[in-house]
Amino acid sequence: MDWGAIFNNAAVELVSPTTAAYALAALGLAVHFGYTGLLNFGQAGFMALGAYGYAISILTFGFPVWGAFLVGVGASVVFALILGIPTLRLRADYLAIVTIAAAEIVRLLFTTNTFAAVTGSANGLSGYKNEFAALNPLADGSYGFGPFTNNAYDTWLRIVAWSIVILAALLVWQVMRSPWGRVIKGIREDEDAVRALGKNVYAYKMQSLIFGGVLGTIAGMIFALPRAVVPSNYQTTLTFFIYAILLLGGAATVLGPIIGSMIFWVLLSFFSGFIARAVEAGWLPFMTAIQGGQLRFILVGVAIMLIVIFRPQGIFGNKKELAFVR
Amino acid sequence: MSASAGLDSAAPLEPPVPTQKPIKTTGLHIGEAEPGCRKVDPILVVDNVRRTFGGLTAVDVDHVEVPRGAITALIGPNGAGKTTLFNLLTGFDKPDDGKWTFDGRSLAGVPAYKVARMGQIRTFQLTKALGLLTVMDNMLLGAKGQTGENMFRALMPFLWRNQEEENRAKALDLLTRFKLDTKKDDYAASLSGGQRKLLEMARALMSDPTLVMLDEPMAGVNPALTQSLLDHILNLKSQGMTVLFVEHDMHMVRHIADWVIVMAEGKVVAEGDPHEVMKNPAVIDAYLGQHHDEDIGEDPGTETENVSAIKELLDDER
Ligand SMILES: Nc1ncnc2c1ncn2[C@@H]1O[C@H](COP(=O)(O)OP(=O)(O)OP(=O)(O)O)[C@@H](O)[C@H]1O
Ligand SMILES: [Mg+2]
């Protein structure tokens, strides 16, 4: 068995743009769920709006990169307002129901044939990368070392993706240690108490929903750049993977979503490489290669369960908090 | 002598007495002390506020005024509608109809957070400490007009750092007064029930309110702490604040209240000076029901909680 290749492929995932995208989306969920206590089960919808907003702006309207970026962000602000206005005054579970349904509506709207000319229907969209590649200041050639060696475009993409993640992490860290963050965390604990102290809870929840949603949207754009935009990528399972990453790293932390995403993708790549080769080598005679591909998710699930059982606060979560979980 | 007999013969526990002698404010009302009577200087005026839950009328107050700069107690048996009235007056619940003014401004339809910003701050019967925030953060949350509570200004700490330090000093001062300063870095969830009551009250004071509405501030607080709580409430008055509080402990009511409003079945049934109002037959009715037996309370075996409450009311030795 080629362990070198397995580890090499796993290491590649450590800094891949997809890992960055998941980290950013999980950071958005940390703002929603970890800090504010908002149960957003529609993060995949925010990501889809980012990916499609960016791709459609470039392909259909010929926008520059920054214009396409702003369209995606604008779309997610509108989406957050539509979700939040009717539900944020209600109990927390209503938001969960509405977000999960709204994200599916978004995905189905992008899938339906009615708008195929713009959305590409089930086949999705591709061919929107040139504009981003044109901004690349790096000369052609290969950069990096070992498993982290990439061509100029991929290196550029990684630099941009991780810069955005770092910037977003600093942003979240700063607002959460400010008085604004104190109100947000207070709302998570008991919104009536915060209301009784003269804070406009509804407005704060809306700001949080928009903030975390925009992070998810930008994550959707990063997610789209190394691949095509396909509607089936934005199913509810995507949201659940991001929740898994968040809980793995620690819900009300800044580093948790980032390290959580790295662990998730490295494990996923490791298991998929391992199983594929094990099937090839005849170690798993009862299994086809396709079944092996499914097995990796089971193994990742087990690994995450183990971490959550033995470290329920997540990797970066505060152990003390657990003593008071109701 | 058996142990139980020893217990029986022990002197009854003395009710807590505030360490400072309360200075009662008098001359608050105009005319007879009757339900809905006018006050010389009312801070809160309630008119025809009604709230029903299905067929049940929880609150039906025709008219009531709360005097400014005094300590007013709102009493009444369980289910009288005291908490519901609090919720209505602070914007946490909406009445079927009615209007009320605070400091001359109409509050009907004003959301809870705006009511609080106007200086009418409440606490809750079921304490709402923010468990996974530290005691200090709980306190800081109470401060009004914080620059850093704006999302964009939050990104620029130099804009709010000074204000934060001032608030921190003020919070520490309040925490010291409430004997919670040693707990300031602990999670509020680690406090005892009584300490949470204290924290909630201290937190409410962070905003320098004009009217403090306390829903059963003493419930679950041990007698030693009760004493200091009584002092705190008296202090609020000497600092110029108005206090409206709900309380079941009649000793406490008698000791610190300048005025008492009695509710029963959603209505204000009596008002008056704490010593006088307890003798009002309407109050006795409220606690015992309309058709109470003439000679109840004679036989200790049949003594219900309401009867002992009434005995407490009438027991005017102090
Ligand atoms: N949300 C609600 N839904 C239905 N009924 C309610 C609701 N809130 C209060 N009630 C009813 O309204 C009445 C008044 O309740 P409230 O809590 O105001 O009493 P209270 O005077 O505060 O009593 P206590 O001294 O026990 O705290 C009760 O009969 C109660 O059952
Ligand atoms: Mg009550």
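One line per chain: the protein sequences are G and E, in this order.
Using our numbering, you'd call the opening residue of the first sequence number 1 and step up by one each time.
Using our numbering, you'd call the opening residue of the second sequence number 327 and step up by one each time.
Just so you know, even glycine gets a beta-carbon here, dropped at the ideal spot from N, CA and C.
Computed from a predicted model, the values in this text were never measured in an experiment.
Check: Between the alpha carbons of ASP619/E and ASP611/E, how many angstroms are there, rounded?; Outcome: With a pLDDT of 47 at ASP619/E, under the threshold of 50, the predicted position of this residue should be treated as unreliable, and no value is reported.
Check: On the DSSP letters alone, give me the boundaries of the beta strand (DSSP E) that HIS389/E sits inside.; Outcome: 382 to 393
Check: List in chain order the residues whose CB is within less than 5 Å of at least one heavy atom of ligand 1.; Outcome: PHE379/E, ALA384/E, ASN404/E, GLY405/E, ALA406/E, GLY407/E, LYS408/E, THR409/E and THR410/E
Check: When you compare only the Cα positions, how much space is there between GLY216/G and LEU27/G?; Outcome: 8 Å
Check: With hydrogens ignored, establish whether the beta-carbon of ASP575/E is closer than 7 Å to any heavy atom of ligand 2.; Outcome: no
Check: I'd like to know if ARG377/E contacts chain G, where contact means its C-beta is closer than 8 Å to some C-beta of that chain.; Outcome: no
Check: In the DSSP assignment, what residue or residues form a beta bridge with LEU570/E?; Outcome: THR398/E and MET539/E
Check: I'd like to confirm something about ASP541/E: is its beta-carbon nearer than 7 Å to some heavy atom of ligand 2, or not?; Outcome: yes
Check: Measuring CB atoms only, is the segment 266 to 284 of chain G touching the segment 34 to 42 of chain G, in the sense that at least three cross pairs come out at less than 8 Å?; Outcome: no
Check: With H, G and I counted as helix, E and B as strand and the rest as coil, what does DSSP make of LYS563/E?; Outcome: helix
Check: What residues in the segment 453 to 467 of chain E bring their beta carbon closer than 7 Å to a beta carbon of chain G?; Outcome: LYS454, LEU456, GLY457, LEU458, LEU459, ASP463, LEU466 and LEU467
Check: Among SER142/G, THR149/G, VAL172/G and ILE159/G, whose alpha-carbon lies nearest the alpha-carbon of LEU481/E?; Outcome: VAL172/G
Check: With 8 Å as the threshold, decide whether the Cβ of ALA438/E is near any Cβ in chain A.; Outcome: As a matter of chain content, chain A is missing from the structure shown, whose protein chains are G and E.
Check: Indicate, with yes or no, if ligand 2 has a heavy atom lying under 7 Å from the CB of GLN489/E.; Outcome: no
Check: Taking 7 Å as the cut-off, is the C-beta of VAL572/E nearer than that to any heavy atom in ligand 2?; Outcome: yes
Check: Is GLN451/E near ligand 2, going by C-beta to nearest heavy atom under 7 Å?; Outcome: yes
Check: Against chain G, which members of the segment 480 to 510 of chain E pass a CB distance test of less than 8 Å?; Outcome: ALA480, LEU481, PRO483, TRP486 and GLU490
Check: Name, going along the chain, the residues of the segment 410 to 422 of chain E whose beta-carbon falls closer than 8 Å to a beta-carbon of chain G.; Outcome: THR416 and PHE418
Check: Given a threshold of 16 other Cβ atoms within 10 Å of its Cβ, counted over all protein chains shown, does GLY317/G qualify as buried or as exposed?; Outcome: buried
Check: Under DSSP, the alpha helix (DSSP H) around TRP162/G begins and ends at which residues?; Outcome: 152 to 176
Check: Given LEU268/G, which residues of its chain have a CB within under 8 Å of its CB, disregarding the five upstream and five downstream residues?; Outcome: GLU13, ARG296, PHE297 and VAL300
Check: Using CA atoms only, rank isn't needed, just tell me which of ALA161/G, ALA30/G, ARG188/G and GLY124/G is closest to ASN136/G.; Outcome: ALA161/G
Check: Comparing alpha-carbon positions, which option in THR288/G, LYS129/G, PHE270/G and ILE259/G lies nearest ILE315/G?; Outcome: ILE259/G
Check: Would you identify the three-state DSSP class for GLN472/E, choosing helix, strand or coil?; Outcome: coil
Check: Over what stretch of residues does the alpha helix (DSSP H) that includes GLN207/G continue unbroken?; Outcome: 201 to 224
Check: State the Cα-Cα distance for the pair ILE159/G and GLY144/G, rounded to the nearest angstrom.; Outcome: 11 Å
Check: Looking at chain G, is there any beta carbon in it that lies within less than 8 Å of the beta carbon of LYS470/E?; Outcome: yes
Check: Specify, as a first and last residue, the run of the beta strand (DSSP E) that GLU358/E falls within.; Outcome: Premise fails: GLU358/E is in no beta strand (DSSP E) and is neither H nor E.
Check: Note down, in chain order, every chain G residue with its Cβ under 9 Å from the Cβ of ILE447/E.; Outcome: ALA196, LEU197 and GLY198
Check: In the DSSP assignment, find the beta strand (DSSP E) that holds LYS645/E and state where it starts and stops.; Outcome: No statement about residue 645/E is possible, as the shown extent of chain E runs from 327 to 644 and does not include it.
Check: Quick check: is the beta carbon of GLN313/G nearer than 8 Å to any beta carbon in chain E?; Outcome: no
Check: Starting from the beta carbon of SER533/E, find every residue of chain G whose beta carbon is closer than 8 Å, and list them in chain order.; Outcome: LEU197 and GLY198
Check: Let me check understanding here. Comparing Cα to Cα, which of LEU70/G, GLY273/G and LYS129/G lies closest to GLY388/G?; Outcome: Any property of residue 388/G remains undetermined from this structure, which presents chain G solely from 1 to 326.
Check: What does GLU189/G touch in chain E if you count any residue whose Cβ is under 7 Å from its own?; Outcome: LEU456, GLY457, LEU458 and LEU459
Check: Take the Cβ of MET462/E as the centre, count every other Cβ of all protein chains shown within 10 Å, and call the residue buried at 16 or more, exposed below.; Outcome: buried
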